[in-house]
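Residue numbers (full-length UniProt numbering), protein chains in the order written: chain A, 1 to 331; chain B, 1 to 331.
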């Protein structure tokens with residue numbers, strides 16, 4: 001059986017500046033809903049796509065992630081792979097049967113052909129909406145959990161500052177920190193986001209960095225890390241899971257190393273994948289919090305494969321509130 | 001009994017740029033070699049002074065150390081306190097007797113009056129030259145030991161890069177790292193220092209950052225941290241005990257945070273004082289290495305209290321090779 005697959009491709013590398021519509025193209029092609037005989041491949045009908053800023057780094061001809069590690073390779077011009085949730089439409093792989101729900105690396109499209117079923121796992125929704133498995137129970141959640149508990153190793157009563165606090169990871173860091181017993185301050189880029197943090201997510205304090213008068217001279221784009229470091233307490237920890245402003249701008253954060261020394265600050269980069277050993281803890285803690293309504297899944301969902309480029313581009317303008325997800329098809 | 005005490009004072013704060021002779025003054029004053037009846041004070045005849053770059057931060061009117069912590073307060077214009085070794089000339093304090101050797105905070109002078117004997121400890125030389133207790137067995141040694149073993153938590157066979165590798169701390173980091181079983185690369189600012197690292201201290205590799213052609217465009221002053229981070233392996237650790245170029249220059253290191261994230265690099269500031277819990281280990285390990293001639297005490301000693309300003313100023317020009325010490329008097 002054959003269907004028409006609509007999918008997004010990347011036309012040119014995005015080496016400088018922000019992504020825009022001209023970098024992407026919606027294509028249409030016939031797509032066979034069967035796998036080659038004897039292969040281990042699977043066909044996935046994509047349901048939800050995780051839209052993540054780090055992907056911009058993979059769209060550079062010289063990818064920082066390629067340079068550094070094998071974790072997330074650069075994207076060849078053409079199709080784009082991304083984390084998401086889908087349903088098996090056809091399988092030559094003994095691990096998967098038709099109609100199984102799966103989570104893992106799919107493509108920015110309506111259907112994905114996954115060679116050998118690589119980087120896919122069967123998904124038990126555990127009674128939660130599938131979108132949760134793209135965001136709060138997916139890598140955004142694990143990033144927040146690993147970054148807060150494993151990288152920062154918090155103590156109750158400590159003060160926690162969260163930048164991009166209404167973003168996919170930041171809002172969860174703040175919620176975990178409150179539930180753990182910390183005093184939590186978040187910053188975000190609009191009045192609406194600030195209200196959300198304080199009124200719906202329980203942040204103790206929040207401010208709009210674009211309007212904060214005291215910090216106005218220093219709190220320009222890309223300088224958040226500097227201001228955070230200069231205001232930190234001794235033995236403070238900075239967990240860095242990404243630095244969105246520097247993905248598209250040559251301007252770099254310049255934390256004061258004298259502060260780092262005298263205040264014995266630790267700045268540590270990490271990737272959620274490093275904390276797979278905490279995955280079971282992360283899942284049981286977060287599912288409990290969800291079931292008892294102690295934590296909120298903040299989602300920002302746009303429908304249709306054709307909306308992927310604008311969803312992605314919007315990340316760099318702070319358009320999203322919470323986890324940005326594109327819904328590709330009805331479940 | 002009264003003597004003439006020669007001592008160094010600071011005339012003006014040093015808020016910008018490098019220290020020079022005009023910032024300091026050699027003064028002479030009558031000095032009583034007895035303590036007030038009923039006081040806990042002690043009089044110390046100073047023998048050796050540790051000359052340390054971080055002191056410049058205490059000479060600013062707005063001290064970064066004051067801002068951050070209570071560890072090392074700013075210096076009021078006038079006398080200057082510094083780590084050193086001396087001998088008790090008079091004591092009203094039951095902890096000390098005349099002629100006891102002591103180590104701790106004395107002054108940049110020939111004699112020190114130490115209120116209540118604060119920040120002084122009796123010193124057992126353990127059969128080593130007294131200068132060792134200012135450098136390799138003092139805070140320089142503890143900084144190297146704590147920074148390498150406690151902050152970096154090395155594994156045998158790992159690659160270690162040491163900047164300012166012929167300095168008081170750097171040369172010891174390199175030696176500890178070699179003895180521990182790491183591959184050690186050091187950089188320093190002259191051909192002579194590079195030779196010393198390779199030929200006398202056992203570094204596997206060393207280079208002169210002022211002449212390195214490949215790195216010339218980036219390895220200007222203050223950019224060592226950037227280059228180190230961009231060349232680090234995944235999960236690398238950067239232990240920062242000081243950042244001498246930034247003590248006297250507004251220019252700041254700008255490590256690439258994308259590298260920090262993707263390579264999961266940790267940058268951690270520390271002070272030797274944080275690792276007092278390792279002091280017993282540090283002393284037994286280092287004394288063993290010294291007794292078996294596995295480690296070398298690299299010292300750069302200048303005689304006379306009047307040489308303190310030039311010894312201090314020279315630190316910022318890389319004049320010293322190893323631990324800079326001023327010898328004040330014969331033992």
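Note that the Cβ used here is the ideal one computed from N, Cα and C, for glycine as well. Quick caveat: nothing in here was measured; it's all calculated off a predicted structure.
### Query
What separation, rounded to the nearest whole angstrom, lies between the Cα atoms of residue 177(A) and residue 266(A)?
Between residue 177(A) and residue 266(A), the C-alpha separation is close to 18 Å.
### Query
If we call anything under 9 Å between Cβ atoms a contact, is residue 145(B) one with residue 123(B)?
Not a contact, by the Cβ cut-off of 9 Å.
### Task
Using a cut-off of 9 Å between C-beta atoms, extract the partners of residue 173(A) located in chain B.
Those within 9 Å of residue 173(A) in chain B number zero; the least Cβ separation is about 15 Å.
#### Entry: Beta-ladder partner(s) of residue 183(B), from DSSP
Residue pairing by DSSP places residue 183(B) opposite 159(B) in a beta bridge.
#### Entry: 6 Å Cβ shell around residue 104(A) - same chain, five flanking residues per side excluded
Taken in chain order, the residues that qualify are 119, 120, 121.
### Task
Could you spell out where the beta strand (DSSP E) holding residue 282(B) opens and where it closes?
Note, residue 282(B): premise wrong, no beta strand (DSSP E); alpha helix (DSSP H) at 279-291.
### residue 291(A) versus 61(A), 5(A), 126(A), residue with shortest Cα-Cα distance
Here the closest residue by C-alpha is 126(A).
#### Entry: Spatially closest choice to residue 140(B) from 194(B), 51(B), 209(B), by CA coordinates
Out of 194(B), 51(B), 209(B), 51(B) has the C-alpha closest to the C-alpha of residue 140(B).
### Message
Quick check: what's the CA-CA separation for residue 98(A) versus residue 325(A)?
### Response
The alpha-carbon separation between residue 98(A) and residue 325(A) amounts to approximately 24 Å.
### Message
Using C-beta distances below 8 Å, list every residue in its chain close to residue 5(A), excluding the 5 sequence neighbours before and after it, in chain order.
### Response
Counting only Cβ-Cβ distances below 8 Å, and skipping sequence neighbours, we find 28, 29, 30, 31, 109, 110, 111.
### Query
So with Cβ pairs under 9 Å, would you call residue 182(B) a contact of chain A?
Not one beta carbon of chain A lies nearer than 9 Å to the beta carbon of residue 182(B).
#### Entry: Beta-ladder partner(s) of residue 270(A), from DSSP
The bridge partners DSSP lists for residue 270(A) come to none.
#### Entry: Contact set between the segment 264-296 of chain B and chain A, restricted to residues whose Cβ is under 8 Å from the partner
Residues of the segment 264-296 of chain B with a C-beta atom less than 8 Å from some C-beta of chain A are 264, 265, 266, 267, 268, 269, 270, 271, 274, listed in chain order.
### Message
Could you tell me the alpha carbon to alpha carbon distance between residue 20(B) and residue 198(B), rounded to whole angstroms?
### Response
Rounded to the nearest angstrom, the two C-alpha atoms are 32 Å apart.
### Query
Taking Cβ positions only, does residue 82(B) come closer than 9 Å to chain A?
No, its Cβ sits nowhere closer than 9 Å to a Cβ of chain A.
### Task
Following the continuous alpha helix (DSSP H) through residue 311(A), name the residue where it begins and the one where it ends.
Bounds of the alpha helix (DSSP H) holding residue 311(A) are 308-315.
### Query
residue 256(B) CB to nearest chain A CB: under 9 Å?
Residue 256(B) counts as touching chain A.
### Query
Would you call the CB atoms of residue 363(A) and residue 162(A) closer than 9 Å?
The requested residue 363(A) does not occur in the structure, where chain A is confined to residues 1 to 331.
### Query
Cα-Cα, which of 323(A), 316(A), 311(A), 303(A) is closest to residue 47(A)?
Residue 47(A) has its Cα closest to that of 303(A), out of 323(A), 316(A), 311(A), 303(A).
### Task
Mind the definition here: the segment 239-250 of chain A touches the segment 252-270 of chain B only if three or more C-beta pairs lie below 8 Å; say whether that holds.
Of all C-beta pairs linking the segment 239-250 of chain A to the segment 252-270 of chain B, three or more are shorter than 8 Å, placing the two stretches in contact.
### Task
Please say whether residue 106(B) and residue 84(B) have beta carbons closer to each other than 9 Å?
Contact: yes.
### Task
Could you tell me the distance, in whole angstroms, from the CA atom of residue 13(A) to the CA atom of residue 100(A)?
Their Cα atoms are separated by approximately 35 Å.
### Message
To be precise: take each residue of the segment 28-39 of chain A, compare its Cβ to all Cβ atoms of chain B, and keep it if any distance is under 7 Å. Which residues remain?
### Response
Cβ proximity to chain B below 7 Å picks out nothing from the segment 28-39 of chain A.
### Query
Cα separation between residue 322(A) and residue 203(B)?
Cα to Cα, the separation comes out at about 51 Å.
### Query
Which residues of chain B have a Cβ atom closer than 8 Å to the Cβ of residue 252(A), listed in chain order?
Annotation: Cβ neighbours of residue 252(A) in chain B (cutoff 8 Å, chain order): 254, 256, 257.
### Task
Please confirm whether residue 44(B) and residue 113(B) have their CB atoms less than 9 Å apart.
Against a cut-off of 9 Å, the Cβ pair of residue 113(B) and residue 44(B) comes out as a contact.
### Message
So residue 240(A) contacts chain B; which residues on that side make the cut at Cβ distance below 7 Å?
### Response
Chain B residues near residue 240(A): 257, 260, 261.
### Message
Given this structure, state the Cα-to-Cα distance separating residue 195(B) from residue 201(B), to the nearest angstrom.
### Response
For residue 195(B) and residue 201(B), the distance between alpha carbons rounds to 9 Å.
### Query
How many Å lie between residue 36(A) and residue 117(A) at the Cα?
Distance between the alpha carbons of residue 36(A) and residue 117(A): 13 Å.
### Task
Report yes or no: is there a C-beta of chain A within less than 9 Å of the C-beta of residue 69(B)?
Any reading at residue 69(B) must be qualified, since the residue scores a pLDDT of 43, below 50, and its modelled position is unreliable; the value itself is stated next. Under the 9 Å criterion on CB atoms, residue 69(B) is classed as interfacial with respect to chain A.
#### Entry: Segment contact flag, the segment 78-95 of chain B with the segment 128-142 of chain B, C-beta cutoff 8 Å, min 3 pairs
The segment 78-95 of chain B is in contact with the segment 128-142 of chain B.
### Between the CA atoms of residue 206(B) and residue 311(B) - distance to the nearest angstrom
Pairing residue 311(B) with residue 206(B), the inter-Cα distance amounts to about 25 Å.
### C-beta contact flag for residue 270(A) and residue 158(A) at 9 Å
No. Outside cutoff.
### Query
Hey, residue 254(A) and residue 253(B): beta-carbon distance below 9 Å or not?
A contact, by the Cβ cut-off of 9 Å.
### Query
Taking 9 Å as the CB-CB limit, is residue 243(B) close to chain A?
Interface flag for residue 243(B) against chain A is set, since a Cβ pair is found closer than 9 Å.
### Query
So, is the C-beta of residue 57(A) closer than 9 Å to a C-beta in chain B?
Output row for residue 57(A): interface = yes.
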